[in-house]
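Residue numbers (the UniProt record's numbering): 1 to 609.
Even glycine gets a Cβ: it sits at the ideal position worked out from N, Cα and C.
First comes the structure, then the notes that go with it.
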């Protein structure tokens, strides 16, 4: 079990050499709801791959480093998992002696796609869906001393309709290597036996200077909520579990990219006067809304003031870890570099990150537009896509034909999508950095997007909705959202009361020898021979095309993309994050020109000029 090493063959990041196989990704995995005691189960497990219908094997093939997916170099295995196969994991664990009077929860931060879990040869539960955390109460299955944990995973990837993002069995162009099995942290947590806090729902209200907090527990009880600012108590309130509490936040310090201030929160579960459970959390006092600015255009408003959002498309892939970052430091790197480039936002593209990524975005002040994970299939042909982009032809997404083209014919496929959509909203609800949800991207698996916009609003009325990013617009949601590559950026369409959002543009390519995933293959929209010509073209794109659209109503834009991904070489950074292709100071200066142009428009119309 100690002979682990990354599998060679592709480029890797600087963080790969620092991975400790005895404790990979050792940081606390749930910073949004912290208890002091926990045990990390990341590390070397045994694994085996069998036919899908086979029973638990008597022997295992070798070791795999959890939480890296079997397809990745950092797993130590680096092989694909086929739809007719099942992946088995096994490890033993012990319970710390001080936990004997507690219930023990087994947490999986993410397993892709369907898994069945057993403890000491007894099945404890199963889970379907690759992007949200889940847990099991394993107390009654435990024994003194060594306990055996087995996880069996089936992942059909793109042979099935499930939500999978860009994962495919045969990567090409804008589709990448699959992620199968455990790909985020596995951990144990002791909780009070009688009752414990399960979930916090936190909604800041800057207009009433209060926090709307609802505390959920296993059973009825009383909760006490205490708010702190820089370790000083701001307010305290008690009330019933499951009921909304409103601790006041007088003269709140508002969360924004320039000042991402976070209030600390202590939540206690009471039985009489006795505290039986306690967790720590945080929140940001911020408001996101849509309004008409002084120029008469619909804009995004942050804390009741108009703001122009500009950021990169961020796909969250790593050459060594796939969807899994090689370290917490690597997560921080991406966010800090995005901010240093002068962006105030990122679009997290068809992926849900580990919870720590959102924590870092919250504390560092990066605004996030969050995609739902794509499933089904891209229902438009290449010809239809071209017609959509060139002539803005938008097709209906309702009816049997639309369902068939989107691979959503079965009620099961639609129910699964809608279940995961709601799960992701609930999972990430408390993150102040997230300002908008994106149910569909470029018509992949898209159906009834107007209804989906209403579904999103029903579960989160306090954020914005980009119901159909790119095309297949059903004239719903808060954005008129368009993707524009190759051709010139277009002004807003007439008679549209929504915010004009160029939700993807650019995608300029420049290959860096020695930093390529596959030097024989490349994909991109426009190729440049070196960094100088790339930088010149990027500056021209911003100054000649993007900025002139701001006075005409452009309210937000997303440049493709933060880093190269596999054979795509259109990132600011190479895939290994070693080379920045466009100078940091130049990019930051161009972003400043964008924000200045927006502020100039606002000032001119506010002053009546």
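Looking only at C-alpha atoms, which of the options sits nearest to residue i?
i: residue 183; options: 81, 364, 354, 254; result: 354
i: residue 486; options: 390, 320, 201, 370; result: 390
i: residue 282; options: 177, 430, 309; result: 430
i: residue 575; options: 463, 207, 516; result: 516
i: residue 547; options: 526, 578, 593, 525; result: 593
i: residue 171; options: 583, 523, 150; result: 523
i: residue 199; options: 167, 173, 230, 241; result: 241
i: residue 84; options: 46, 160, 377, 255; result: 160
i: residue 94; options: 138, 122, 484; result: 138
i: residue 109; options: 436, 186, 143, 81; result: 186
i: residue 530; options: 243, 579, 549, 441; result: 579
i: residue 589; options: 302, 539, 131; result: 539
i: residue 111; options: 54, 163, 363; result: 163
i: residue 189; options: 37, 425, 246; result: 37
i: residue 204; options: 252, 437, 45, 80; result: 252
i: residue 496; options: 197, 478, 31; result: 478
i: residue 634; options: 319, 357, 140; result: Limits of the chain in this structure are 1 at one end and 609 at the other, which puts residue 634 out of reach.
i: residue 46; options: 81, 91, 314; result: 91
Closer than 6 Å by C-beta to residue i: which residues in its own chain qualify, once you throw out the five before and the five after it? Chain order, please.
i: residue 316; result: 351, 353
i: residue 481; result: 466, 469, 501, 503
i: residue 115; result: 127, 151, 153
i: residue 526; result: 508
i: residue 622; result: Given a span of 1 to 609 for the chain in the structure shown, any question on residue 622 remains unanswerable.
i: residue 175; result: 166, 168
i: residue 148; result: 92, 120
According to the Cβ coordinates, are residue i and residue j closer than 9 Å?
i: residue 275; j: residue 224; result: yes
i: residue 113; j: residue 156; result: yes
i: residue 544; j: residue 300; result: no
i: residue 324; j: residue 179; result: yes
i: residue 633; j: residue 312; result: The first residue shown for the chain is 1 and the last is 609, placing residue 633 beyond what the model contains.
i: residue 421; j: residue 464; result: no
i: residue 369; j: residue 309; result: yes
i: residue 264; j: residue 227; result: yes
i: residue 374; j: residue 441; result: yes
i: residue 57; j: residue 48; result: yes
i: residue 216; j: residue 424; result: no
i: residue 542; j: residue 598; result: no
What's the gap between the Cα of residue i and the Cα of residue j?
i: residue 511; j: residue 333; result: 21 Å
i: residue 573; j: residue 347; result: 16 Å
i: residue 96; j: residue 249; result: 40 Å
i: residue 267; j: residue 503; result: 38 Å
i: residue 208; j: residue 284; result: 14 Å
i: residue 462; j: residue 492; result: 25 Å
i: residue 33; j: residue 214; result: 13 Å
i: residue 342; j: residue 254; result: 20 Å
i: residue 206; j: residue 286; result: 6 Å
i: residue 102; j: residue 519; result: 54 Å
i: residue 564; j: residue 553; result: 30 Å
i: residue 444; j: residue 376; result: 6 Å
Who are the near neighbours of residue i in its chain, counting only those whose CB is closer than 7 Å to its CB and skipping five residues on each side?
i: residue 292; result: 298
i: residue 219; result: 195
i: residue 535; result: 582, 583, 586
i: residue 335; result: 360, 361, 364, 366
According to DSSP, is residue i helix, strand or coil?
i: residue 318; result: strand
i: residue 160; result: coil
i: residue 98; result: helix
i: residue 538; result: helix
i: residue 357; result: helix
i: residue 175; result: strand
i: residue 383; result: helix
i: residue 619; result: Outside the modelled stretch of the chain, which goes from 1 to 609, sits residue 619, for which no answer is possible.
i: residue 54; result: coil
Within a Cβ cutoff of 8 Å, which residues of the same chain sit near residue i, ignoring the five residues on either side of it in sequence?
i: residue 26; result: 20, 40, 42
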